[in-house]
Every structure is written in C-alpha cells, then in structure tokens.
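Residue numbers (our numbering): 8 to 201.
Heads up, the beta-carbon is just placed ideally off N, CA and C, and yes, glycines get one too.
It should be emphasised that the depicted structure is a prediction, and the values quoted were computed from it without experimental measurement.
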Amino acid sequence: MTRDPRSILGVGPYATEAEITKAYRELAKQYHPDLNPDDNWSAERMSEINHAYEQLKQECEYIRAEEAIPPLERAKRMLDVCQFEEAAELLGTIPPPRNAEWFCLSAIAAYGMGEGKTALSFAKKAVSLKPEVAEYQRVLRNVRTGEKNSRHRMRSYTSPVMSCSTFFVLAIIAVLVLMFLFSPLAAPLRWWQN
8 MTRDPRSILG VGPYATEAEI TKAYRELAKQ YHPDLNPDDN WSAERMSEIN
58 HAYEQLKQEC EYIRAEEAIP PLERAKRMLD VCQFEEAAEL LGTIPPPRNA
108 EWFCLSAIAA YGMGEGKTAL SFAKKAVSLK PEVAEYQRVL RNVRTGEKNS
158 RHRMRSYTSP VMSCSTFFVL AIIAVLVLMF LFSPLAAPLR WWQN
C-alpha cells in the first residue's frame with residue numbers, strides 16, 4: 008500500500024515548497040544511510056522519504072508551470088473540458104479593466120452554468136468592445152437563441168482540438184472495430200484475405 012507523500016514527510020496538504028524541503032532535510036538527517044550504516048530499516052525509510060520528496064517536487068514544478076500560463080488561457084482550457092464553475096472563478100480573479108476576450112469567456116462560462124441573463128450581458132459587452140470579431144458575435148447569437156447545442160458550439164471557440172473525452176470514445180470505438188475485424192465472426196468480411 009502506497010502512502011501519501013505528504014504524510015511520509017509529515018507536512019500538511021497546503022505546505023509550501025520551502026516547508027516540504029525543510030521537512031525532507033530534517034528526515035534525511037535522521038534516517039540517512041551514512042548515519043545508520045547497518046540499519047536496513049533506516050535505508051528503506053530513507054528511500055521512501057526520497058521518493059516522497061521527488062513526487063512533491065514534481066507536483067510543485069507542475070503547479071508553478073500551470074500558474075505561469077496566463078489566466079485567460081487557463082480559463083479557455085477549463086472551458087474546453089466543461090469546467091464552467093472553475094473557469095468563472097478564475098475569470099473572477101482577473102482585475103479590471105477587462106477586455107473583450109474576458110467578457111466572451113465569461114459569457115461561455117455563465118451559459119455553461121445555466122446563467123442565461125449573465126451570459127447574455129457578458130456576450131453583449133464582448134461584442135460592443137470588439138464588434139469585428141466573428142467569434143464574439145457567434146457566442147452572442149448562440150446565447151440569444153438558446154440553441155440546444157450552443158454549448159458545444161461555443162466550446163469550439165476555446166479550442167479547435169477535440170476534447171480528451173471525445174478522443175477517448177473514438178479510440179475505444181476503433182479498438183472495438185479492430186477486435187471485431189480480426190475475430191472469427193468477421194472471417195467472411197475479410198475481403199483482403201480472399
């Protein structure tokens with residue numbers, strides 16, 4: 008059973024990188040094999056401590072890299088995977104003045120959360136700030152008409168790439184088709200072997 012790296016180092020869930028390093032160094036002083044040359048348990052414990060520290064260092068690096076991405080780009084990524092509440096929360100942290108892109112993304116997030124009036128207000132503001140941007144006009148049109156599939160259409164604004172869930176479903180379908188084609192049941196259908 009694998010233990011949580013934070014519990015191994017004895018730090019809390021919100022420990023800073025400095026606190027994690029301090030806890031690691033204290034444990035390393037206690038369990039380092041050079042200080043306990045004939046103690047196998049200390050060597051195993053030190054290995055566990057090293058592994059936990061490496062995991063938490065990678066987690067901190069990931070968080071730093073994620074925070075380096077501009078907030079509007081992070082909001083787009085959240086909207087790509089239908090994390091409307093999280094995107095709205097992130098967008099809410101961006102201080103004024105807010106640009107047309109902010110209003111458009113906020114409209115998509117609000118619409119995804121079922122807040123039609125708020126979405127309409129944000130979409131109108133985006134179009135008023137940049138009327139020449141077709142995407143903003145399309146979002147406004149979709150919010151106004153309340154189309155059943157407008158949420159999907161608005162998501163295409165944030166990313167032209169298919170979402171992970173779509174890719175996963177297509178991959179499963181492809182595997183099932185291949186399994187069928189190479190099963191004994193599909194032998195009469197294998198025209199390339201005849």
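Following the continuous alpha helix (DSSP H) through residue i, name the residue where it begins and the one where it ends.
| i | result |
| --- | --- |
| G119 | A107 to G119 |
| K131 | G123 to L136 |
Of all the options the options, which has the alpha carbon lying nearest to the alpha carbon of residue i?
| i | options | result |
| --- | --- | --- |
| L147 | M120, S113 and I179 | S113 |
| Q65 | E24, T152 and Q144 | E24 |
| E142 | P12, G123, R52 and W109 | W109 |
| E55 | E122, M186, R84 and R10 | R10 |
| P78 | P102, P138 and K124 | P102 |
| G119 | K131, K137, E93 and A107 | E93 |
| E80 | L97, Y21 and P20 | L97 |
| I70 | A22, H58 and Q144 | A22 |
What's the gap between the Cα of residue i and the Cα of residue j?
| i | j | result |
| --- | --- | --- |
| A35 | E26 | 14 angstroms |
| R151 | R105 | 22 angstroms |
| N156 | W48 | Summary for N156: the model assigns pLDDT 48, below 50, so the residue's position carries little reliability, and this model does not support an answer. |
| E68 | N149 | 39 angstroms |
| L183 | L86 | 30 angstroms |
| A181 | S135 | 45 angstroms |
| A50 | K29 | 20 angstroms |
| A126 | Y60 | 44 angstroms |
| C89 | D41 | 52 angstroms |
| N43 | R52 | 11 angstroms |
| A133 | V140 | 9 angstroms |
| Q62 | A116 | 33 angstroms |
| V18 | G123 | 44 angstroms |
| L16 | I76 | 29 angstroms |
| G153 | S14 | 49 angstroms |
| A82 | P20 | 24 angstroms |
| Y31 | G121 | 46 angstroms |
| R158 | C111 | At R158 the pLDDT is 48, less than 50, meaning the model places this residue with poor confidence; the figure from the coordinates comes in the next sentence. If I take the Cα positions, the gap works out to 13 angstroms. |
| E145 | A107 | Reading the sequence as shown, one finds Arg at residue 145 and not Glu. Each residue's Cα considered, the two are about 14 angstroms apart. |
What did DSSP end up calling residue i once you bin it into helix, strand or coil?
| i | result |
| --- | --- |
| R160 | No answer about R160 holds up, because its pLDDT of 49 lies below 50 and its placement is not dependable. |
| I15 | helix |
| E139 | coil |
| R10 | coil |
| Y38 | helix |
| A30 | helix |
| T152 | helix |
| A25 | helix |
So that I know if they touch, is there some Cβ in chain C lying closer than 9 angstroms to that of residue i?
| i | result |
| --- | --- |
| M85 | As a matter of chain content, chain C is missing from the structure shown, which is built from one protein chain. |
Exercise. What alpha helix (DSSP H) runs, 4 residues minimum, are completely inside the region 43-111?
Worked result: DSSP runs (the alpha helix (DSSP H)) wholly in the region 43-111: 47-75, 78-87 and 91-99.
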